[in-house]
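Undergrad:
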Amino acid sequence: MVQQNNGWFQLESKKHIGNINNQEPSDGVSDRLIKPKMQEMRMHDVHRSPAPGQNPNTYKVAAARPQPVSPPVQNASEPRPPAQTNAYAGSSTPANQGMMPNQGGGKLAGTGMSRDNQNYPMPAPTEESSWKHEGSQGSTALWDNDRILHTKNSQAVGERGPVLHQDSTLHEALEIFISGKILERPLHVKGFGAFGTFQTTNSMRQYTMLSFLQTPGQQVPVMTRFSLAGGNKGTPDTARGVKGFATKFYTPQGVFDLLFNHIPVLFIRDGIRFPQAFTSFFPSPVNNLIDPQRFWQFVATAPEAMHFVTWLYSDAGTIKSFRHIPGHSVNTFVWRNAQGVRCYVKYHWFPLSGVETITQQEATTLAGINPDYAGQDLYDAIAAGTPVQYELRVQLMNPGDESRLSYDPLDCTKVWDERQYPLIPVGVLTLNRNPDNYMEQVEKVAFSPTNLLVGAELSDDKLLQARANIYWDSQRRRLGENFRSIPVNHQENWTPDDLVTSGVGTSTEGSLVRSEISKPDNFTQAGERYQSLSPMGKDHLVDNLAADLAHVSGETQRVVLNYLYNASAELGQRVAEQISAYSGNNG
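Residue numbers for the sequence shown, in the UniProt record's numbering: 1 to 587.
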């Protein structure tokens, strides 16, 4: 038996070697992707000129005679490709077996999953072997395991005749090519992933029943995806914007997800504004160009966005390495212990190698050098064996504290004062393995804030409540109904009964209303954020804001400047002066 580790669970399977020639693999299952199993057919007696009385647009094809084909000579010393393990089914199959749709049906060979859903089972990593050619990163292989299609010619009637519709090898190669991509995410389109482990360092038993946080030394496998919240796959990693930091924990009790941003607040507090808010970052529907007016026009209707703005337009908004960014849950969650006592919790990742940011000028320069700078940095560091580690810390709050705070602790445009609610170390995330298959292991990963385990619940945070189910709706559209069966998302024997119901045993009452929260306090923390910056940090914030606002309408400028004055008179005045300088109006 050979034990293989695919990054999230162990697999044991019989080891066998498939044959790259036209011979049958050892288990008798044909290797469809390497060469067609039908013998080459020599078409003969083809009459290119019409017979008397024959339609000149037709031609006669006599019965085809089989032409024996000798298998290509293989050097005895040439290694053969190892078998690959079907991570979904947990059984051993030849390389590529199960990766192609059956020619005669709509199911994937060896799985029973629908081809329409494109839930192709992902091959587990195989042992290192010399058969895999060097330079595979840049190979032209179409198949997930980097093997190439050796057949170079379509099946046709003679050397120059028409290609036959029966050429299933041609059809399947083209069909897989045009169907190989899946729908993009609505947000966080561009991303990079890595695998590793999470080890608990301090027991959280006093506060939560989360199974993997009970005892120091507990360790579970994880998958992390870093992403750009806005933009597309061509957006430079260093472009100003929010960076995503999502982690999936594979525990014996099931999957647990933490979805973080590198900026600790958002610019809305109610999910009903989510579509309008985030499409303000998209290019203009008129000319497909980025237009600052779209974002700032939205901000003019959302004074609660000021705190977010002071983060995004500071140097924190531009990064060059995912290895040096923090992560924040932004939303407030709930922990429940074995005694049924609940507390509010905010999660945070902090890189053990330190937080690093760059200026707008540095970001622009790096974007021109390599638009994938941060992703390349992450991949290269892990490939070189450099530790990529983050410490998980939490802030805990007694729900009874709500009444005495000047802000609503469930408001995701706010942070909690670390002097009142200190950061408590929980454990360490170590990323030490790059993905073997980007499409299956990174592009198809599906995160959701409602992937919870016993001991963790959703709070009444309005934005979190809105996010609760829409993620799964998006994933069904993007990945198909069976997205939970994709290996990177897989939970053994999962049913809807496994979902955690938040707030069991609690009660609430009130009138049905659509209203603002009672303690919005839109500007205090924005002003505190500005005052916390170094002199250089303040200069960069002012300059970055003015550079954008100089290109928006006068009315939008007036509204936003009024908000900035409310946050800090100094900030508002300095931005107004810098806008005038950018506009060439110094009078």
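Where a beta carbon is used, it is the ideal one built from N, C-alpha and C, also for glycine.
Excluding the five sequence neighbours on either side, which residues of its own chain have a C-beta within less than 8 Å of the C-beta of Ala581, listed in chain order?
TA: Around Ala581: Ala546.
Undergrad: Helix, strand or coil for Leu352? Go by DSSP, reduced to three states.
TA: Coil, per DSSP.
Undergrad: Within 10 angstroms of its Cβ, does Ser314 collect 16 or more other Cβ (buried), or is it exposed?
TA: So Ser314 counts as buried.
Undergrad: Considering just the uninterrupted stretch of the alpha helix (DSSP H) at Thr364, what are its terminal residues?
TA: Segment 360 to 369, the alpha helix (DSSP H) holding Thr364.
Undergrad: Please list, in chain order, all residues of the same chain as Gln253 whose beta carbon is under 6 Å from its beta carbon, the five residues on each side excluded.
TA: Same-chain partners within the cutoff: Ser211, Leu453.
Undergrad: With DSSP as the reference, label Lys462 as helix, strand or coil.
TA: Helix, per DSSP.
Undergrad: Determine the extent of the alpha helix (DSSP H) in which Arg269 is found, giving its start and end residues.
TA: Element bounds for Arg269: n/a, residue is neither H nor E.
Undergrad: Might you give, ordered along the chain, the residues of its own chain that have their beta carbon closer than 6 Å to the beta carbon of Gln155, omitting 5 neighbours on each side?
TA: Once the five neighbours on either side are set aside, the close Cβ partners of Gln155 are Leu164, Asp167.
Undergrad: Ordered along the chain, which non-local residues of its own chain (more than five positions away) have a Cβ less than 7 Å from that of Thr357?
TA: Excluding residues within five positions, the ones whose Cβ falls inside 7 Å are Asp315, Ala316, Thr318, Ile319.
Undergrad: How about Val355 and Gln389: are their beta carbons less than 8 Å apart?
TA: No, Cβ-Cβ distance for Val355 and Gln389 is not below 8 Å.
Undergrad: In chain order, what residues of the same chain have a beta carbon less than 6 Å from the beta carbon of Ala246, not counting five sequence neighbours either side?
TA: The answer, listed in chain order, is Arg225, Leu259, Phe447.
Undergrad: Use the C-beta contact count for Ala567: other C-beta atoms within 10 angstroms, 16 or more gives buried, fewer gives exposed.
TA: Per the 10 Å Cβ criterion, buried.
Undergrad: Looking at Ile517 and Arg269, is the spacing between their C-beta atoms short of 8 Å?
TA: Taking 8 Å as the Cβ cut-off, Arg269 and Ile517 qualify as a contacting pair.
Undergrad: Restricting to Cα atoms, I'd like to know which of Gln218, Glu440, Asn331 is closest to Cys412.
TA: Cα-wise, what sits closest to Cys412 is Asn331.
Undergrad: Under the rule that 16 or more other beta-carbon atoms within 10 Å means buried, what is Gly584, buried or exposed?
TA: Exposed, by the Cβ-count rule.
Undergrad: With a Cβ-Cβ cutoff of 8 Å, do Leu352 and Ala194 count as a contact?
TA: Taking 8 Å as the Cβ cut-off, Leu352 and Ala194 do not qualify as a contacting pair.
Undergrad: Quick one: complete beta strand (DSSP E) runs, 3+ long, within the stretch 177 to 201?
TA: Taking only runs of at least 3 residues, the beta strand (DSSP E) segments lying wholly in the stretch 177 to 201 are 191 to 200.
Undergrad: Using a Cβ-Cβ cutoff of less than 7 Å, which residues in the same chain neighbour Trp472 once the five nearest sequence positions on both sides are dropped?
TA: Excluding positions up to five away in sequence, the list reads Ser448.
Undergrad: If you run the structure through DSSP and keep just helix, strand and coil, what is Phe281?
TA: Correct three-state label for Phe281: coil.
Undergrad: Using alpha carbons as the reference points, say which of Glu159, Asn398, Ser459, Trp296 lies closest to Thr450.
TA: Closest option to Thr450, Cα to Cα, is Ser459.
Undergrad: Can you name, in chain order, every residue of its own chain whose Cβ lies under 8 Å from the Cβ of Phe282, other than the five neighbours on each side?
TA: Closer than 8 Å at the Cβ level, and outside the excluded window around Phe282, lie Gly230, Arg294.
Undergrad: Going along the chain, which residues of its own chain have a beta-carbon closer than 6 Å to the beta-carbon of Tyr565, five neighbours each way excluded?
TA: Taken in chain order, the residues that qualify are Gly572.
Undergrad: Considering Met209, what are the terminal residues of the alpha helix (DSSP H) in which it resides?
TA: Premise fails: Met209 is in no alpha helix (DSSP H) and is neither H nor E.
Undergrad: Alpha carbon to alpha carbon, how far is Glu457 from Gln339?
TA: Cα to Cα, the separation comes out at about 15 Å.
Undergrad: Please list, in chain order, all residues of the same chain as Pro435 whose beta carbon is under 6 Å from its beta carbon, the five residues on each side excluded.
TA: Hits under 6 Å: Gly193, Gln441, Val442.
Undergrad: Leaving out the 5 sequence neighbours to the left and right, which residues in its chain are closer than 7 Å to Asp291 when beta-carbon positions are compared?
TA: Hits under 7 Å: Ser284.
Undergrad: Put Arg529 into one of helix, strand or coil per three-state DSSP.
TA: If DSSP states are grouped into helix, strand and coil, Arg529 belongs with the helices.
Undergrad: Taking the DSSP output, what are the residues bridged to Val255?
TA: Bridge partners of Val255: Tyr250.
Undergrad: For Thr365, count neighbouring Cβ atoms within 10 angstroms of its own Cβ and tell me buried if that reaches 16, exposed if not.
TA: Exposed.
Undergrad: So, helix, strand or coil for Val488, using DSSP?
TA: Three-state result, Val488: helix.
Undergrad: Quick check: the stretch 484 to 493 against the stretch 522 to 530, are there 3 or more CB pairs under 8 Å?
TA: No, because fewer than three Cβ pairs between the stretch 484 to 493 and the stretch 522 to 530 fall closer than 8 Å, the two stretches do not touch.
Undergrad: Compute the distance between the beta-carbons of residue 623 and Tyr347, then report whether it is under 8 Å.
TA: With the chain represented from 1 up to 587, any question about residue 623 goes unanswered, as that position is not in the structure.
Undergrad: For Leu149, which option in Arg160, Glu172, Val157, Gly161 has the closest C-alpha, if you only look at C-alpha atoms?
TA: That would be Glu172, whose Cα lies nearest to the Cα of Leu149.
Undergrad: Can you tell which of Gly161, Asp539, Gly503 has its C-alpha closest to the C-alpha of Tyr344?
TA: Per the Cα distances, Gly503.
Undergrad: Roughly how many whole angstroms lie between the Cα atoms of Trp296 and Arg558?
TA: One C-alpha to the other measures close to 11 Å.
Undergrad: So, using beta-carbon positions, are Trp335 and Tyr438 closer together than 8 Å?
TA: Contact: no.
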